[in-house]
Amino acid sequence: MTAYRAGLVVALVVLAGCGGLVGDDAGPTAPGTAGSLPTETTRVSVTAVVDGDTVRVEYRNGTRDTVRLVGVDTPEVRAENDPAEFEGVPDTAAGADCLREAGTNASNYAKDRLLGRTVGIATDPNLDRRGYYDRLLAYVVVDDRLFNYQLVASGRARVYDSDFSRRASFTEAETGAREARRGLWRCVDPDAADWETPTATASPSGLALVEVHEDAAGNDNHNLNGEYLVFANRGDGDLNLSGWTVSDAAGRAYSFRNYSLGPGERVTLYTGSGTDNRTARYWGASGAVWNNDGDAVTVRTSGGDVALRRAY
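Structure (structure tokens):
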């Protein structure tokens, strides 16, 4: 038996024992996704992030696999990018360099959202299970959201040209990101792109800012809890945030009170009002805080030292 056929047999055996790798659109609608989630997924652990659109996973039986995310293509980090593949990005050295930085941004985003976490994966009914390099072609579901779609909607990926079933909604999301010059689409004007701050690398304290949702649905001032930040503890121990402050570029500040974040835990800081709990804190601001056209998040310790700073 050739090595190729042997590998194929092993792959088929693994998939036969991992039911639920289906990708239809009959699942429940989820916020921030392409309509609905897959009805069935297979639970896997993400063991490595190769780049923004490729991850390595481990099944519950210990078998490992490489997953290529369906429908998306993030800029290369380790290889040369072809600006012609990204509509409007100039075919120049500046365009290529900008795309490489955008690729790093997408990889950081994938690491912050996926690495070390248990996620759901599902294949697409319109596609073969495996691609050219024998990687599993799949959607990734994390935090009740379709990660593939999030990459496109946030401008961290373009839509990959294939016949996947969710292509229409992905294309619409790409158009919105491109028109708003989000993410890699800043490279349409590479001299104006700013990639100085990686997406969400953890600070020495272990605190990471993993999501900025600055643009609430409708009027931001009328939907204050539609505006929020998500923090995570990437450290190995508890992180006491009591007395730590979160401020914007204008100096408006929120202070954590009597709060500790355990290792691996996340907390969402909403701009509006509500009842504080383990996973949600409320600023209680009277108006929107985070500017939709760019701002800076600064976190200081109770002693006044900068623990984390991120511009977006």
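Going by my numbering, the sequence shown opens with residue 364, and the numbers climb by one from there.
Don't be surprised by glycine CBs; every beta carbon is placed ideally from N, CA and C.
Sub-8 Å separation of residue i and residue j beta-carbons
| i | j | result |
| --- | --- | --- |
| Ser517 | Gly546 | yes |
| Val412 | Glu421 | no |
| Ala343 | Thr634 | No statement about residue 343 is possible, as the shown extent of the chain runs from 364 to 675 and does not include it. |
| Trp653 | Val593 | no |
| Val522 | Val435 | yes |
| Val409 | Leu477 | yes |
| Val418 | Ala473 | yes |
| Thr404 | Gly494 | no |
| Gly637 | Asn584 | no |
Alpha-carbon to alpha-carbon, residue j and residue i
| i | j | result |
| --- | --- | --- |
| Asp658 | Asp491 | 43 Å |
| Ala693 | Asp414 | Residue 693 falls outside the range modelled here, since the chain spans only 364 to 675, and no answer is possible. |
| Arg508 | Gly625 | 23 Å |
| Phe533 | Leu500 | 16 Å |
| Phe527 | Pro488 | 8 Å |
| Leu632 | Tyr675 | 17 Å |
| Arg431 | Phe510 | 12 Å |
| Thr437 | Val662 | 30 Å |
| Gly578 | Asn655 | For clarity, residue 578 is Asp in the given sequence; the question names Gly instead. So the two alpha carbons sit approximately 6 Å from each other. |
| Arg519 | Leu602 | 30 Å |
| Asp497 | Glu628 | 34 Å |
| Trp607 | Leu587 | 22 Å |
| Asn596 | Asp668 | 18 Å |
| Gln513 | Arg530 | 14 Å |
| Leu604 | Ser665 | 8 Å |
| Thr486 | Asp416 | 15 Å |
| Val630 | Val660 | 15 Å |
| Thr455 | Asp445 | 9 Å |
| Arg673 | Val609 | 11 Å |
| Tyr502 | Asp524 | 15 Å |
| Asn582 | Pro453 | 35 Å |
| Thr402 | Thr481 | 17 Å |
| Arg641 | Asp506 | 16 Å |
Own chain residues within Cβ distance below 8 Å of residue i, not counting five before or after
| i | result |
| --- | --- |
| Asp460 | Pro553 |
| Leu671 | Ser566, Ser568, Leu570, Ala571, Leu572, Val660, Thr661 and Val662 |
Contacts around residue i, its chain only, beta-carbon distance under 7 Å, and the 5 residues preceding and following it disregarded
| i | result |
| --- | --- |
| Asp639 | Tyr645 |
| Thr365 | Note that Thr365 scores 40 on pLDDT, short of 50, meaning its location in the model is unreliable and no value can be drawn from it. |
| Gly569 | Asn596, Arg597, Gly598 and Leu602 |
| Ala457 | Pro553 and Asp554 |
| Ala580 | Asn586 and Gly589 |
| Arg544 | Val551 |
| Ser470 | Val412, Asp414, Gly415 and Val440 |
| Tyr591 | His576, Thr631, Leu632, Tyr633 and Thr634 |
| Gly600 | Pro626 |
Continuous alpha helix (DSSP H) stretch holding residue i: start and end
| i | result |
| --- | --- |
| Asp475 | Ala456 to Leu477 |
| Leu514 | Phe510 to Ala516 |
| Ser532 | Arg530 to Glu542 |
Bounding residues of the beta strand (DSSP E) (the contiguous stretch that carries residue i)
| i | result |
| --- | --- |
| Ser332 | The question about residue 332 has no answer, for the chain in this structure spans 364 to 675. |
| Tyr645 | Ala643 to Tyr645 |
| Phe594 | Tyr591 to Asn596 |
| His576 | Leu570 to His576 |
| Ala670 | Val669 to Ala674 |
| Val503 | Leu499 to Val505 |
| Thr631 | Arg629 to Tyr633 |
| Ala432 | Reading off the sequence shown, one finds Leu at residue 432, where the question assumed Ala. Arg427 to Leu432 is the span of the beta strand (DSSP E), which, as asked, contains Leu432. |
| Glu421 | Thr417 to Glu421 |
| Gly483 | Thr481 to Ala485 |
6 Å CB neighbourhood of residue i in its chain, flanking five on each side removed
| i | result |
| --- | --- |
| Glu439 | Gly466 |
| Arg541 | Trp548 |
| Ala536 | Val515 and Ala516 |
| Leu462 | Pro438, Asn444 and Cys550 |
| Thr538 | none |
Residue i beta carbon near the ligand SAM (any heavy atom closer than 7 Å)
| i | result |
| --- | --- |
| Ser568 | In terms of ligand content, the structure shown is empty, and the ligand SAM therefore cannot be addressed. |
Q) How do the region 540-554 and the region 612-623 stand: do at least 3 beta-carbon pairs fall below 8 Å, yes or no? A) no
Q: Give a yes or no on contact between the region 442-457 and the region 417-427, applying the rule of three or more CB pairs nearer than 8 Å.
A: no
Q: Please determine if the region 457-468 and the region 607-616 are in contact, where contact requires at least 3 C-beta pairs separated by less than 8 Å.
A: no
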